[in-house]
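Counting from 1 along the sequence shown, just add 70 to a position and that's the residue number in this note's numbering. Even for Gly, the Cβ is constructed at its ideal location relative to N, Cα and C. In what follows, a structure is listed as C-alpha cells, so that the remarks can point back to it.
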Amino acid sequence: MRLKPLLLATLLGASSGAQAADLLETFRTAQANDPVFAAARATLQAGQEKLPQGRSLLMPNISLNANSTFNDSTIQYRQPIGLPGAGNQRYNSHGYGVNLTQPLFRQQNWLAYSEAELQVAQTEAQFRIAEQDLILRVAQAYFDVLIAQDSVQLAEAQKTAISEQLEQAKRNFEVGSATITDTHEAQARYDLTNAQEIAAQNNLEIKKRTLQQLINAMPKELRHLGKEFKLEAPQPADMEKWVADAQLNSLQLAIAQAGAEIAEKEVARNRGGHYPTLDLVANYSSNQSNGGSFGVGSDNTSKSVGVQLNMPLFQGGATQSKWREAEANRERTIQELENTRRNVALQTRQAYLGVVSGIAQVKALQQALTSSESVLEASKLGQEVGVRTNLDVLNAQQQLYATRRDLYQAEYNYLISQLSLKAAVGSLGEEDLGRVNQALY
71 MRLKPLLLAT
81 LLGASSGAQA
91 ADLLETFRTA
101 QANDPVFAAA
111 RATLQAGQEK
121 LPQGRSLLMP
131 NISLNANSTF
141 NDSTIQYRQP
151 IGLPGAGNQR
161 YNSHGYGVNL
171 TQPLFRQQNW
181 LAYSEAELQV
191 AQTEAQFRIA
201 EQDLILRVAQ
211 AYFDVLIAQD
221 SVQLAEAQKT
231 AISEQLEQAK
241 RNFEVGSATI
251 TDTHEAQARY
261 DLTNAQEIAA
271 QNNLEIKKRT
281 LQQLINAMPK
291 ELRHLGKEFK
301 LEAPQPADME
311 KWVADAQLNS
321 LQLAIAQAGA
331 EIAEKEVARN
341 RGGHYPTLDL
351 VANYSSNQSN
361 GGSFGVGSDN
371 TSKSVGVQLN
381 MPLFQGGATQ
391 SKWREAEANR
401 ERTIQELENT
411 RRNVALQTRQ
421 AYLGVVSGIA
431 QVKALQQALT
441 SSESVLEASK
451 LGQEVGVRTN
461 LDVLNAQQQL
471 YATRRDLYQA
481 EYNYLISQLS
491 LKAAVGSLGE
501 EDLGRVNQAL
511 Y
C-alpha cells in the first residue's frame, strides 16, 4: 500500500474535487506545448521542402525581362555624305523578352533530386525520433514527480513514526524504564528525518517544474501506480531477436543509412562536374523604339528555339578537389553507419536487460518489503518485552521506509525500460504509452 497522508493534497496544489491527470493526458498536453517538439515539427516541415527544390532542377526555367530606356545621342558626320540622322536624337525605347531553358541532360541535377528524396526520408525519421523522445521525456518527468511525491509521503510517515518513538522514549525515561540515550537517539532520528522531508519537498518542487517545462502548466495531482501494474517480460524473450529487429527498424540506423547513400551520390554528382550539359533553349523578345540613329522608329520581334551544349574543360582543379572531398565524406559516413549500428545493438541490449533486471529487482524488493515489515513488528514486540532497544526499532523503521522507496523507484524504472526497449527498435508509439497508462489509477 502506498501512503496517502492528507498533506499530499496540499503538496500537489490540487483541490479535493480535482481529477488527477494520467500519463497519456500529460503526453498529449506536452505534444501541444513542448517547444523542443514544436521545433522538431518545424524542422520536418522545412526538410520536406527539399523534395520540390530537388524536383525544380529537372523542370523548365522561365524568366521574363523588360526594359524602358530614354536615349539621348548626338551624331556628327566628319564629311558631308548626305546621310540622314545627323544631329541630336532623343527618343524612348522599350521592350520585353521571355526566356525558357529546359534541361535535357544534366547528370548532377538528377543526382541532386535523388539526394533530396533521401534528405526528406532523413527528416521524417528525425521527427519520429523526436516523437519517441517526447514520450520518454514525458514518462521520465511524470514518474520523477511520482517518486518525489512518494519520498515526501515516506518522509512524513517516517517522521510521524519516529515522533511516536520519541514520545515513548521520553515517557519511559520519566518513569525510569529507559535511559536518556533512547531519547537522544530518537531525537536525532527525528531531526534527521525532518531534514530529509525538507529535501524531499524541495526535490518535488524541482521535478514538478521540470514537468511544467514540457506541458507549459504547473502539474496538479497525478495518478499513481495501481492494482493494474503488472510485471511482463519482453516478448519475444530473446535479446538477440530484439537486436535483429533493431537492425532492421531502428530510426537512428535509417538516418545513418540515408546519410551514407547521400554521400555515395555526392561522389557521383561531383564526378559529373566533367560531364557535358544539354539544354533546350527558347527565346522570344519584342522591342519598340520611337527614334533611332537615322531618325525613324522601329518595332522588332525575334523568336528562337535551339539546343545548347556546354562542355566543362578546366575549372582550376575545383572539380577534382570536390570529387576527392566527396570520397572522403563517403568514407566518413560509412564509418558513422557502422558506429550507429553498434550503438543501436548496445542500446537495445541495455534496454532489454533493463526490463529483465527490473522485473527481478521489483520482485526482490517486494519480498524485502515484506521482510522489513516483519522485522519492524518483531522489533516493536521485542522492545515491549525488553529484548530489543529503541535504537533497534528506529533502525527497523528506517530500513522499512528505505525499502519502500527503493521499490517505488524500481517500479518506475521498469516502466521506463519497457518504453526504452520499444524506442530502441523504432516501434515506440502512443499505444505503448497507453498500455503503461492502464497501470495508473
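The DSSP-derived three-state label of Ser368 is strand. Taking the Cα of Ile325 as reference, the smallest distance to any Cα among Ala195, Pro130, Tyr422 and Ser374 is reached at Ala195. Excluding sequence positions up to five before and after Arg198, its CB lies within less than 8 Å of the CB of Leu321 and Gly496, all in the same chain and listed in chain order. Rounded to the nearest whole angstrom, the CA to CA distance from Ser368 to Ala333 is 56 Å. In this structure, the beta-carbon distance from Thr144 to Gly157 falls below 8 Å. Distance between Pro382 and Asn399, taken at the CA atoms: about 24 Å. Here Gln358 carries a strand assignment [DSSP, helix/strand/coil]. Looking from the CA of Ser427, the closest CA among Asn413, Asn380 and Tyr482 belongs to Tyr482. In the three-state reduction of the DSSP assignment, Ser320 falls in the coil class. Taking Lys229 as reference, the option from Ala209, Lys433, Leu262 and Ala211 with the minimal CA-CA separation is Leu262. Straight-line measurement puts the Cα of Gln159 at about 17 Å from the Cα of Arg148. At a cut-off of 4 residues, the continuous stretches assigned as alpha helix (DSSP H) that sit fully inside the region 118–204 are 120–126. Pairing Gln479 with Ile217 gives a Cβ-Cβ distance under 8 Å.
The shortest C-alpha to C-alpha distance from Pro306 to any of Val425, Gly117, Asn357 and Pro289 is the one to Val425. As the crow flies, the alpha-carbon of Gln417 is around 49 Å from that of Thr459. Rounded to the nearest whole angstrom, the C-alpha separation of Arg259 and Ile232 is 7 Å. With a contact defined as Cβ atoms closer than 8 Å, Asn135 and Tyr166 qualify at about 7 Å.
DSSP lists no bridge partner for Asn465. Beta-bridge annotation (DSSP): Ser374 is paired with Asn353. At least 8 Å separates the beta-carbon of Tyr471 from that of Leu114.
Shown here, Ala91 sits in a strand according to DSSP, grouped into three states.
Counting along the chain, Thr263 sits inside the alpha helix (DSSP H) bounded by residues Ile250 to Ile285. For Gly504, the uninterrupted alpha helix (DSSP H) run begins and ends at Glu500 to Asn507, by DSSP. If you check the CB distance, Leu204 and Gln118 do not come in under 8 Å.
By the beta-carbon neighbour count (other beta carbons within 10 angstroms, threshold 16), Asn340 is buried.
Pairing Asn357 with Ser372, the inter-Cα distance amounts to about 9 Å. Using a Cβ-Cβ distance cut-off of 8 Å, the region 91–107 and the region 277–286 are in contact, since at least three pairs of beta carbons, one from each stretch, lie closer than that value. Nearest to Lys492 by C-alpha distance, out of Trp312, Ala191, Leu181 and Ala211, is Trp312. The beta carbon of Gln192 sits closer than 6 Å to those of Ile325 and Ala328, all from its chain and outside the five residues before and after it, given in chain order. According to the DSSP assignment, Val432 belongs to the alpha helix (DSSP H) that extends over Ala388 to Val455. The Cβ atoms of Ile486 and Gln210 sit closer than 8 Å to each other. In the structure shown, Leu301 adopts coil according to DSSP, grouped into three states. Proximity to Leu274 across Phe213, Glu244, Asn242 and Gly361 peaks at Phe213, based on C-alpha coordinates. Distance check between Leu379 and each of Gln123, Leu188, Gln266 and Leu174 places Leu174 closest, using alpha-carbon atoms only. If you ignore the 5 residues before and after Leu188, its C-beta comes within less than 7 Å of the C-beta of Ala328, Glu331 and Ile332, all in its own chain and listed in chain order.
Within the model, the alpha-carbon separation for Thr251 versus Asn272 is close to 32 Å.
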